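Structure record follows, encoded as structure tokens.
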Amino acid sequence: MATGDDLRRLALALDGTVEVPHFDRAAFKVSRIYVTLAPDGCSANFGFLPEEQEFRCMMAPDAFNPVPNAWGKRGWTTANLSRLSLAELAGALEAAWRLGAQGKPQRR
């Protein structure tokens, strides 16, 4: 069972990650935000590719769900942290971190 403290510790251990405020949440970013932590520490929103979101929601529907708005259609996924093992949390963080480290797409 993972916690918000586990997420913070694991995220900040990823290369280049900093914690910044994001509305009422704590955000963790490299080139861009890749995960946000709810104020109560019980859930987090991960920035995945839509394919990664679909896979995680299929494999662990009790833990992962698309964010119910336009951001969810872009891959942002809510995780119930208490439903994740530390290994599952670390894997989700690494997947989101890799995408966040790519930076913002170039505008044409």
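Count the sequence shown with numbering that gives the first Met the number 0 and you get residues 0 to 107, in order. Backbone N, C-alpha and C define an ideal beta-carbon position, used for all residues, glycine too. Bear in mind that the values here come from a model prediction, so they are computed numbers and not experimental data.
Paired residues, beta bridge with residue i - DSSP
i   : result
F45 : V34, T76
A25 : P20, L36
F63 : A78
Backbone CA spacing between residue i and residue j [nearest angstrom]
i    : j   : result
G15  : M57 : 30 Å
F108 : N64 : No statement about residue 108 is possible, as the shown extent of the chain runs from 0 to 107 and does not include it.
I32  : P60 : 24 Å
L36  : L98 : 17 Å
Q101 : L85 : 25 Å
K72  : V19 : 24 Å
L48  : W96 : 11 Å
V34  : L9  : 12 Å
K28  : L6  : 13 Å
V17  : E93 : 14 Å
A62  : T2  : 13 Å
F22  : L11 : 19 Å
P38  : R24 : 6 Å
R82  : W70 : 22 Å
Opening and closing residue of the alpha helix (DSSP H) in which residue i lies
i   : result
R82 : Premise fails: R82 is in no alpha helix (DSSP H) and is neither H nor E.
G3  : 3-11
Rounded distance between the beta-carbons of residue j and residue i, thought under 8 Å
i   : j   : result
A89 : F45 : About 12 Å; that fails the 8 Å criterion.
S42 : N79 : 6 Å
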